[in-house]
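>
Protein chains: 2
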Amino acid sequence: MSITIKDVAKRAGVAPSTVSRVIADNPRISMETKKRVRKAMKDLGYHPNINARNLAVRSSQSIGVIMPSSADVALQNPFFPEVLRGIGSHLHEVEYSLYVSTGGNEETTFEEVQRMVNGNRVDGIILLYSRMNDPVQEFLMEKKFPFVIVGKPFENESEITYVDNNNVQASKDLTNHLIELGHQHIAFIGGSKELTVTSDRLHGYRSAIKEASLPLPDEYIIHTAFLKSGGREAVEKLFQLDTPPTGLVVADDLMTLGVMNALEELGINCPEDVSITSFNNLYLSEITTPALTTVDIQIYNLGVQSARCLLELTKNKDEPAKRIIIPYDIKYRKSTTPIN
Amino acid sequence: MSITIKDVAKRAGVAPSTVSRVIADNPRISMETKKRVRKAMKDLGYHPNINARNLAVRSSQSIGVIMPSSADVALQNPFFPEVLRGIGSHLHEVEYSLYVSTGGNEETTFEEVQRMVNGNRVDGIILLYSRMNDPVQEFLMEKKFPFVIVGKPFENESEITYVDNNNVQASKDLTNHLIELGHQHIAFIGGSKELTVTSDRLHGYRSAIKEASLPLPDEYIIHTAFLKSGGREAVEKLFQLDTPPTGLVVADDLMTLGVMNALEELGINCPEDVSITSFNNLYLSEITTPALTTVDIQIYNLGVQSARCLLELTKNKDEPAKRIIIPYDIKYRKSTTPIN
DNA sequence: TTGAAAGCGCTAACAA
DNA sequence: TTGTTAGCGCTTTCAA
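So the protein sequences, as listed, match chains A and B.
Just so it is clear: in the first sequence, position 285 is 285 by the numbering used here, and no numbers are missing.
Just so it is clear: in the second sequence, position 50 is 390 by the numbering used here, and no numbers are missing.
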């Protein structure tokens with residue numbers, strides 16, 4: 001069939017193990033034989049069989065990435081390709097490969113994780129979401145399988161390596177920005193309560209509001225489904241209140257897009273009637289009208305760092321859990337303005 | 341280390357080969373021993389080692405998906421997660437896994453493909469883009485490695501299996517829709533000329549315009565970079581012409597988003613001043629204001645079908661090349677209106 | 001219907 | 001510095 005290490009060995013007049021050593025660039029092989037072997041590899045068009053290698057060394061040189069189950073439209077969020085890009089770029093450097101799960105629902109996703117882990121397909125796993133009572137996370141914990149979370153774990157925080165932003169502070173900053181602009185009535189629109197990212201951002205918003213002694217009616221906090229319906233409902237609810245908000249903290253740019261369009265339909269103008277702040281700095285936050293004031297969370301970098309951490313973990317299973325906080329940067333654009 | 345087939349064999353009091361046959365659900369094994377073996381597997385928590393299996397059968401039960409090199413912002417297009425979702429759903433059914441390339445540029449992507457193919461990491465490959473002079477495609481052709489394209493190959497069309505929409509006709513329909521609404525000055529905004537998808541859509545636009553004997557000045561055809569800059573430049577160019585268009589055929593919803601916002605800044609209203617038609621039916625096409633008239637190309641289904649075809653190809657290398665055309669469906673919404 | 005044994009292609013002691 | 005050899009865990013003839 002394919003050209004194996006034996007063929008190369010024969011042609012170079014050495015033992016297979018020598019060829020193996022040349023592949024690994026073992027320093028105790030003379031430069032001369034290395035050259036000869038490499039030439040033989042070239043001549044024959046040799047490429048190592050990864051499965052055989054993996055079997056022998058009991059690793060796979062690849063890692064798995066788990067997305068939120070794709071039933072969720074959230075998957076259409078450009079966040080995901082962007083972190084993947086970051087993860088991929090780092091993996092590529094170290095010649096690792098990338099498996100992704102794209103299970104349709106929680107169950108199939110879980111099955112895929114099990115296949116990855118139990119079948120030795122991957123050396124480690126990156127979770128691109130974090131929420132409470134996640135069977136996947138529990139499974140990995142219990143198996144003591146190397147994994148890192150992009151985001152913050154809901155529990156066992158000290159035992160899990162994760163990379164995240166300081167979402168609480170970022171959200172607080174955003175809210176304070178609105179407060180400094182004179183806004184007194186500020187509402188929060190977030191995603192599912194189960195997600196840590198939502199609860200952190202809510203938390204930051206809350207504490208800023210409290211510190212400024214501003215009103216914080218329950219109706220100002222909306223947890224909503226993603227996108228169209230979500231944005232619309234949220235807007236409808238908020239703007240039929242007796243005192244509708246003049247400032248908004250929205251947990252995701254994509255949601256904001258929905259919110260803005262719902263507002264427009266109601267004839268409410270941004271930023272004249274309502275100032276909007278948002279999260280993620282997706283490219284689309286620059287092309288909306290007005291351009292969004294949003295938190296750049298460095299999605300790409302979140303990806304890179306998570307890959308880096310995971311690789312460390314796989315090299316050394318006893319590596320202590322750590323937490324990497326990626327700095328954020330608020331992009332002040334046109335969607336916020338002082339209250340008049 | 342891990343529990344192997346031998347452990348199971350021992351516990352069940354059979355030979356390893358028998359266990360293997362039970363795993364494969366070989367019909368010549370008595371129901372009784374099957375039961376016994378399965379119980380042993382459960383008791384021990386056995387999971388087959390995929391690398392060993394792959395080595396023995398010389399396959400990998402996984403396929404690779406190649407994205408356009410991610411230097412391109414295009415990657416932020418929700419098209420990709422969506423088609424991945426389709427691919428993943430089918431693969432999951434047949435217990436295959438999914439590798440993705442996320443090379444940063446053309447070169448690293450090419451390297452990754454080589455690693456996938458030469459290292460026997462994957463049994464087949466899906467290309468999520470198609471453009472002229474693509475080294476990846478040439479490499480796969482030459483190696484006779486099973487692959488399918490989502491989109492249409494630029495050359496060797498009859499030798500390559502691909503799944504696509506009838507983009508020419510769809511674009512023609514879109515253009516005709518504008519023509520029927522009374523528009524006489526219709527422009528086309530597309531992406532890179534190198535991409536088949538762009539050239540097909542341009543082609544359809546062209547032929548509709550010609551058949552209606554409408555003017556087709558060169559300035560009405562814009563090839564632009566993606567997104568913000570692209571959309572803006574395109575709009576600026578078009579709307580400083582002596583006779584600016586009143587109708588637009590844009591090759592992608594995301595571009596359209598950029599276009600719409602650029603228009604808004606110039607004080608040009610959609611659909612009053614200009615009717616816009618677009619492609620892909622991304623969820624965001626519903627939440628823009630106005631909602632977009634756009635072609636639903638069934639992204640998810642493109643993914644499913646491409647996976648299905650690829651698996652057939654891997655089973656049978658001599659499977660003749662085929663072409664799957666996924667029907668499209670134009671969603672008529674609010675971004676188009678009769679000319680007044 | 002089942003078992004024994006060889007082999008998939010590679011790595012890693014252990015020798016030399 | 002290099003070769004010999006024994007696996008890694010599974011599948012698959014060939015025999016029984």
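All C-beta atoms in this analysis are idealised placements derived from N, C-alpha and C, irrespective of residue type, glycine included.
State yes or no: is the C-beta of residue 488 of chain B within less than 8 Å of the C-beta of residue 508 of chain B?
No, they are not a contact pair.
> Identify every run of the beta strand (DSSP E) within the stretch 175-238 of chain A, keeping only runs that are complete inside it and at least 3 residues long; order them along the chain.
Listed in chain order, the complete beta strand (DSSP E) runs (minimum 3 residues) inside the stretch 175-238 of chain A are 186-190, 221-223.
> Leaving out five residues before and five after residue 589 of chain B in sequence, what residues of the same chain have Cβ atoms less than 6 Å from its Cβ?
Excluding positions up to five away in sequence, the list reads 514, 515, 528, 545, 617.
> Does the beta carbon of residue 80 of chain A come closer than 8 Å to any beta carbon on chain B?
Interface residue, yes.
> Along the stretch 254-277 of chain A, where does the CB come closer than 7 Å to a CB of chain B? Name the residues.
Hits within the stretch, in order: 257, 258, 261, 264, 265.
> Would DSSP call residue 154 of chain A helix, strand or coil?
DSSP places residue 154 of chain A in coil when its eight states are reduced to three.
> Roughly how many angstroms lie between the CA atoms of residue 483 of chain B and residue 658 of chain B, to the nearest whole one?
Each residue's Cα considered, the two are about 14 Å apart.
> Any chance the stretch 305-324 of chain A sits against the stretch 87-107 of chain A, with 3 or more Cβ pairs inside 8 Å?
At 8 Å Cβ cutoff, the stretches touch.
> Would residue 5 of chain A and residue 64 of chain A qualify as a contact pair, given that the criterion is a beta-carbon distance under 8 Å?
In this structure, residue 64 of chain A does not lie closer than 8 Å to residue 5 of chain A by Cβ.
> Run down chain A in chain order and give the residues with a C-beta less than 7 Å from the C-beta of residue 452 of chain B.
What residue 452 of chain B touches in chain A: 92.
> Name the two residues that bound the continuous beta strand (DSSP E) containing residue 619 of chain B.
Looking at the DSSP string, the run of the beta strand (DSSP E) that includes residue 619 of chain B is 615-619.
> Which runs of the alpha helix (DSSP H) spanning at least 4 residues fall entirely within the stretch 283-307 of chain A, listed in chain order?
For the stretch 283-307 of chain A, whole alpha helix (DSSP H) runs of length 4 or above, ordered along the chain, are 284-287.
> Pull up the CB-CB distance for residue 336 of chain A and residue 181 of chain A, whole angstroms please, since I reckon it's below 8 Å.
Right, their Cβ atoms sit about 6 Å apart.
> Specify, as a first and last residue, the run of the alpha helix (DSSP H) that residue 33 of chain A falls within.
Counting along the chain, the alpha helix (DSSP H) containing residue 33 of chain A begins and ends at 31-44.
> Exposed or buried, what is residue 78 of chain A when buried is set at 16 or more other beta-carbons lying within 10 Å of its beta-carbon?
Buried, because 16 or more other Cβ atoms sit within 10 Å of the Cβ of residue 78 of chain A.
> Can you list the residues of chain A that residue 560 of chain B reaches, using a CB-CB cut of under 9 Å?
None at all; the shortest Cβ gap to chain A is about 23 Å.
> Which same chain residues end up closer than 8 Å to residue 122 of chain A when comparing Cβ atoms and leaving out the 5 residues on each side of it in sequence?
Result list for residue 122 of chain A: 60, 62, 63, 64, 99, 116, in chain order.
> Measuring alpha carbon to alpha carbon, tell me which residue in B:360, B:391, B:490, B:443 is nearest residue 662 of chain B.
If we check each option's Cα against that of residue 662 of chain B, B:490 comes out closest.
> Exposed or buried, which one is residue 81 of chain A when buried takes at least 16 other CB atoms within 10 Å?
Burial call: buried.
> Which of the three DSSP states is assigned to residue 471 of chain B in this structure?
If DSSP states are grouped into helix, strand and coil, residue 471 of chain B belongs with the strands.
> Check residue 343 of chain B in the structure and name its three-state DSSP category.
Coil.
> How big is the Cα-Cα spacing for residue 313 of chain A and residue 145 of chain A?
One C-alpha to the other measures close to 9 Å.
> Could you tell me the alpha carbon to alpha carbon distance between residue 177 of chain A and residue 275 of chain A, rounded to whole angstroms?
Their backbone Cα atoms lie some 10 Å apart in a straight line.
> So, under 8 Å CB-CB, residue 133 of chain A and residue 326 of chain A are touching, yes? Tell me the CB distance rounded to an integer number of Å.
Wrong, their Cβ atoms sit about 26 Å apart, outside the cutoff.
> Once DSSP output is grouped into helix, strand and coil, what is the label at residue 500 of chain B?
Coil.
> With which residues is residue 663 of chain B paired in a DSSP beta bridge?
For residue 663 of chain B, which the question treats as bridged, DSSP gives the partners B:502.
> Rounded to whole angstroms, how far is the Cβ of residue 531 of chain B from the Cβ of residue 563 of chain B, which I believe are closer than 8 Å?
That belief holds up - the Cβ atoms of residue 531 of chain B and residue 563 of chain B are roughly 7 Å apart, short of 8 Å.
> In whole angstroms, give me the CA-to-CA distance for residue 444 of chain B and residue 584 of chain B.
Computed Cα separation, rounded: 38 Å.
> Would you mind working out which of A:46, A:26, A:252, A:28 sits nearest residue 12 of chain A, comparing C-alpha positions?
Among A:46, A:26, A:252, A:28, the Cα nearest to that of residue 12 of chain A belongs to A:46.
> In whole angstroms, what separates the C-alpha of residue 215 of chain A from that of residue 221 of chain A?
Answer to the nearest angstrom: the Cα atoms are 12 Å apart.
> Whose Cβ in chain A lies nearer than 8 Å to the Cβ of residue 525 of chain B?
Going along chain A, no residue has its Cβ under 8 Å from residue 525 of chain B, so there is no contact; the nearest lies around 24 Å.
> Count the other CB atoms within 10 Å of the CB of residue 635 of chain B; is the residue buried (16 or more) or exposed (fewer)?
By the 10 Å Cβ count, residue 635 of chain B comes out buried.
> Looking at chain A, is there any beta carbon in it that lies within less than 8 Å of the beta carbon of residue 627 of chain B?
With 8 Å as the cut-off, residue 627 of chain B counts as an interface residue toward chain A.
> For the stretch 34-58 of chain A, which residues have a CB atom closer than 8 Å to at least one CB atom of chain B, in sequence order?
Taking 8 Å as the Cβ-Cβ cut-off against chain B, the residues of the stretch 34-58 of chain A that qualify are 47, 48, 49, 50, 51, 52, 54, 55, 58.
> Please name the residue in B:408, B:660, B:468, B:343 whose C-alpha comes closest to that of residue 447 of chain B.
When each option's Cα is compared against that of residue 447 of chain B, the closest is B:408.
> Can you tell which of B:470, B:519, B:481 has its C-alpha closest to the C-alpha of residue 493 of chain B?
Ranking B:470, B:519, B:481 by Cα distance to residue 493 of chain B puts B:470 first.
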